[in-house]
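Trainee: Protein chains in written order, with the UniProt record's numbering: chain A, 1 to 248; chain B, 1 to 248.
Structure incoming, see below.
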């Protein structure tokens, strides 16, 4: 048996999310089915993050145990040929130690949120950005974002379905930058609560619109109450960027 | 009657091309139908370039004559609301002189061609790039591209269906640059022959693969023969970037 690390890009649009579901297609199922056709084995694929329906990944890390002897090249090429036409692509494959775990060995996760901030709706990037037509105040958004960085109880920014044991997380980075007609929000932490990034971005958008002041981000955080949440940003603007591991 | 200039972004994927066709959807028809629903008028929309099936536009310029009194704001918002769910977006609207013509007033056209040059196929940008899995030699491609710049008979790089009176064109710019895991080819000229950019990019890809030497680009040009063409690049990597006008 070999434990393989997979680095995977996917368009979250047609999926119910990463995790296998009874009621619709998932990224996990797409990869597991492709591997099963290649190996004859029903192996479970574990990911660093279980992204929601519609959320994309530029480079998700995952692992899988396979008995059949394979080269990294054959595993990647075979997966990509068999997963078609679903929008999933195995970028890299590497053999890892038997105790390496995509989720539990992961020490850092990075997300990008893309807001297309212009009057006209997106045509080329439909389903890949959150469209906000009114001009946003990026400086105010950045000021608000800075108030969330650090170790806090993020109960306000946590989904009711969150399975994390504790609402206390350390947010290492939350930065807002204008890139052409887009606004990018960069978030990094060891781990996030369910819906945390989308909840933070939703509130930052309220700051950008002038409906909230930057200081209202701190007020929402201190409330430790989901009812203090301004808005949950939609999934299609969110990208899982990278999973970080001690050895990588 | 007012002549309006429209700047339009579109995803070429679902269309037979810019120009209205009997046998399938076109960008022109999508916009004309939206305008007809808004105004009750059957106005023809003229574009700076008639892109092929599958070719995208970041900012196509077009014009249309409308009798009904409209503000630029209402024309843009109404078009974008009525063209949905087709992936077409009117970015800007401006009133222009009655003798301004999107095609005949245009003095420069810019295209971008995107090659995704990595082993794994694209998932997030499927239908938006040409995927070439083998590593391409960008320096050789750039050397080959430089040989085409200037005033030449581009018969080799011209489609059999080209309606241009002369195969002689002046290519102002043809540059190849690596951007992350993509290779971008930038092309600019007053006007292009039908399939010229895709034909040039197809040959440059042969140079990048080492199947042609850079000098073979000059040999193909001098042959003035379509049979000397190496390869026509597929449409989905091509973007109409900008139309240039004397006053803009």
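Glycine included, every Cβ here is placed at the ideal spot set by N, Cα and C.
Give every residue of the same chain whose Cβ lies closer than 7 Å to the Cβ of residue 134 of chain A, excluding the five residues on either side of it in the sequence, and list them in chain order.
Mentor: As a first step, residue 134 of chain A must be located in the first chain, where it is residue number 134. Only 209 meet the Cβ criterion.
Trainee: What are the boundary residues of the beta strand (DSSP E) that residue 250 of chain B is part of?
Mentor: Nothing in the structure corresponds to residue 250 of chain B, since chain B is present only between 1 and 248.
Trainee: Just tell me which of B/52, B/42, B/2 and B/37 has its CA closest to the CA of residue 25 of chain B.
Mentor: Counting from one through the second chain, the residue named residue 25 of chain B turns up at place 25. Selected option, being the one with the closest Cα: B/52.
Trainee: Please classify residue 89 of chain A: is it buried, with 16 or more other beta-carbons within 10 angstroms of its beta-carbon, or exposed?
Mentor: Along the first chain, one-based indexing puts residue 89 of chain A at 89. The residue is buried, with at least 16 neighbouring Cβ atoms inside 10 Å.
Trainee: Does residue 11 of chain A pass the burial test, meaning 16 or more other C-beta atoms within 10 Å, or should it be called exposed?
Mentor: Numbered from its first residue, the first chain carries residue 11 of chain A at position 11. Result: buried.
Trainee: Would you list, in sequence order, the uninterrupted alpha helix (DSSP H) runs of no fewer than 4 residues that lie entirely inside the region 25-55 of chain A?
Mentor: 27-39
Trainee: Is there a C-beta anywhere in chain B that falls below 7 Å from the one on residue 11 of chain A?
Mentor: As a working note, residue 11 of chain A is residue 11 in the first chain. Yes - at least one Cβ of chain B is within 7 Å of the one on residue 11 of chain A.
Trainee: So, does the CB of residue 199 of chain A fall closer than 7 Å to a CB anywhere in chain B?
Mentor: Position 199 of the first chain, counting from 1, holds the residue named residue 199 of chain A. Not closer than 7 Å to any Cβ of chain B, the Cβ of residue 199 of chain A fails to qualify, so no.
Trainee: Taking Cβ-Cβ distances shorter than 9 Å, what residues in chain B pair up with residue 25 of chain A?
Mentor: Stepping through the first chain from its first residue, residue 25 of chain A is reached at position 25. Chain B residues near residue 25 of chain A: none, gap ~14 Å exceeds 9 Å.
Trainee: Check whether chain B comes within 7 Å of residue 80 of chain A, counting only Cβ atoms and requiring the distance to be less than that.
Mentor: Counting from 1 along the first chain, the entry for residue 80 of chain A is found at position 80. For residue 80 of chain A, the answer is yes, since a Cβ of chain B falls inside 7 Å of its Cβ.
Trainee: What first and last residue would you give for the alpha helix (DSSP H) that runs through residue 74 of chain A?
Mentor: If you number the first chain from 1, residue 74 of chain A lands on position 74. For residue 74 of chain A, the enclosing alpha helix (DSSP H) stretches over residues 72-83.
Trainee: Going by DSSP, what residues sit across from residue 242 of chain A in a beta bridge?
Mentor: Counted from its first residue, the first chain places residue 242 of chain A at position 242. Beta-bridge pairing links residue 242 of chain A to A/110.
Trainee: Counting along the chain, where does the alpha helix (DSSP H) carrying residue 139 of chain A start and finish?
Mentor: In the first chain, residue 139 of chain A corresponds to position 139, counting from 1. Where residue 139 of chain A is concerned, the enclosing alpha helix (DSSP H) stretches over 138-146.
Trainee: Mapping DSSP to helix, strand and coil, what is residue 217 of chain A?
Mentor: Translated into the one-based positions of the first chain, residue 217 of chain A becomes position 217. Correct three-state label for residue 217 of chain A: helix.
Trainee: Pairs of beta-carbons, one from the region 164-174 of chain B and one from the region 140-154 of chain B, closer than 8 Å: are there three or more?
Mentor: yes
Trainee: If we call anything under 7 Å between Cβ atoms a contact, is residue 243 of chain A one with residue 79 of chain A?
Mentor: The residue given as residue 243 of chain A occupies position 243 in the first chain. The residue given as residue 79 of chain A occupies position 79 in the first chain. Not in contact: residue 243 of chain A and residue 79 of chain A (Cβ atoms no closer than 7 Å).
Trainee: Look up residue 17 of chain A in the DSSP assignment and give the residues it is bridged to.
Mentor: Your numbering for residue 17 of chain A matches position 17 in the first chain. In the DSSP output, where bridge partners are listed per residue, residue 17 of chain A has A/52.
Trainee: For the region 120-150 of chain B, which residues have a beta carbon sitting closer than 8 Å to at least one beta carbon of chain A?
Mentor: For the region 120-150 of chain B, which is checked against every Cβ of chain A, the residues closer than 8 Å are 120, 121, 122, 123, 124, 126 and 128.
Trainee: Nearest CA to the CA of residue 125 of chain B: which residue from A/57, A/233 and A/98?
Mentor: Taking the second chain and counting its residues from 1, the one referred to as residue 125 of chain B is at position 125. Checking every option, the nearest Cα to that of residue 125 of chain B belongs to A/57.
Trainee: Apart from the five residues just before and just after residue 140 of chain A, which ones in its own chain have a Cβ nearer than 7 Å to its Cβ?
Mentor: Walking along the first chain from the start, residue 140 of chain A turns up at place 140. These residues qualify, in order along the chain: 207, 208 and 214.
Trainee: Taking C-alpha atoms, which residue in B/247, B/119, B/188 and B/156 lies nearest to residue 218 of chain B?
Mentor: For the purposes of this step, residue 218 of chain B is taken as the residue at position 218 of the second chain. The shortest C-alpha separation from residue 218 of chain B is found at B/156.
Trainee: Just the Cα atoms here: how many angstroms apart are residue 177 of chain A and residue 87 of chain B?
Mentor: Here the question's residue 177 of chain A lines up with position 177 in the first chain. Here the question's residue 87 of chain B lines up with position 87 in the second chain. Computed Cα separation, rounded: 27 Å.
Trainee: Looking only at DSSP bridge pairs, what is residue 150 of chain A linked to?
Mentor: Indexing the first chain from 1 puts residue 150 of chain A at position 150. Bridge partners of residue 150 of chain A: A/171.
Trainee: Measure from the alpha carbon of residue 197 of chain B to the alpha carbon of each residue in B/222, B/123, B/85 and B/231, then state which is nearest.
Mentor: Counted from its first residue, the second chain places residue 197 of chain B at position 197. Distance from the Cα of residue 197 of chain B is smallest, within the candidate group B/222, B/123, B/85 and B/231, for B/231.
Trainee: Using DSSP bridges, identify the partner residues of residue 185 of chain A.
Mentor: The count along the first chain starts at 1 and reaches residue 185 of chain A at position 185. Looking at the DSSP assignment, residue 185 of chain A forms a beta bridge with A/113 and A/176.
Trainee: Can you tell me whether residue 222 of chain A is helix, strand or coil according to DSSP?
Mentor: For the purposes of this step, residue 222 of chain A is taken as residue 222 along the first chain, with counting starting at 1. DSSP places residue 222 of chain A in helix when its eight states are reduced to three.
Trainee: Is it right to say residue 199 of chain A is buried, meaning 16 or more other beta carbons lie within 10 angstroms of its own, or is it exposed?
Mentor: The residue given as residue 199 of chain A occupies position 199 in the first chain. Per the 10 Å Cβ criterion, buried.
Trainee: How would you list, in chain order, the residues of chain A whose beta-carbon sits under 7 Å from the beta-carbon of residue 184 of chain B?
Mentor: The residue given as residue 184 of chain B occupies position 184 in the second chain. Under the 7 Å cutoff, chain A gives no residues; its nearest Cβ is about 16 Å from residue 184 of chain B.
Trainee: Give me the chain B residues within the contact set of residue 91 of chain A, using Cβ-Cβ distance strictly less than 7 Å, ordered along the chain.
Mentor: On the first chain, position 91 is the one that residue 91 of chain A refers to. Taking a Cβ-Cβ threshold of 7 Å, the residues of chain B close to residue 91 of chain A are 120, in chain order.
Trainee: How many angstroms separate the CA atom of residue 175 of chain B from the CA atom of residue 76 of chain B?
Mentor: Position 175 of the second chain, counted from the start, is the residue given in the question as residue 175 of chain B. Position 76 of the second chain, counted from the start, is the residue given in the question as residue 76 of chain B. When only Cα atoms are considered, residue 175 of chain B and residue 76 of chain B end up about 34 Å apart.
Trainee: Between the alpha carbons of residue 70 of chain B and residue 7 of chain B, how many angstroms are there, rounded?
Mentor: Position 70 of the second chain, counting from 1, holds the residue named residue 70 of chain B. Position 7 of the second chain, counting from 1, holds the residue named residue 7 of chain B. Taking the straight line from one Cα to the other gives about 17 Å.
Trainee: How far does the beta strand (DSSP E) with residue 100 of chain B in it reach, from first residue to last?
Mentor: Here residue 100 of chain B refers to the residue found at position 100 of the second chain. Run containing residue 100 of chain B: none; DSSP gives neither H nor E here.
Trainee: Is there contact here, the region 179-198 of chain B with the region 102-114 of chain B, by at least three beta-carbon pairs under 8 Å?
Mentor: yes
Trainee: Taking residue 59 of chain A and residue 102 of chain A to be in contact with their CB atoms under 8 Å, please state how far apart those CB atoms are, rounded to whole angstroms.
Mentor: Here residue 59 of chain A refers to the residue found at position 59 when the first chain is read from its first residue. Here residue 102 of chain A refers to the residue found at position 102 when the first chain is read from its first residue. 12 Å between Cβ atoms; not a contact.
Trainee: Under 7 Å, Cβ to Cβ, is there at least one residue of chain B near residue 167 of chain A?
Mentor: Position 167 of the first chain holds residue 167 of chain A. Judged by the 7 Å Cβ criterion, residue 167 of chain A is not in contact with chain B.
Trainee: What did DSSP end up calling residue 120 of chain B once you bin it into helix, strand or coil?
Mentor: To locate residue 120 of chain B, count along the second chain from 1; it is residue 120. Coil at residue 120 of chain B, not helix or strand.
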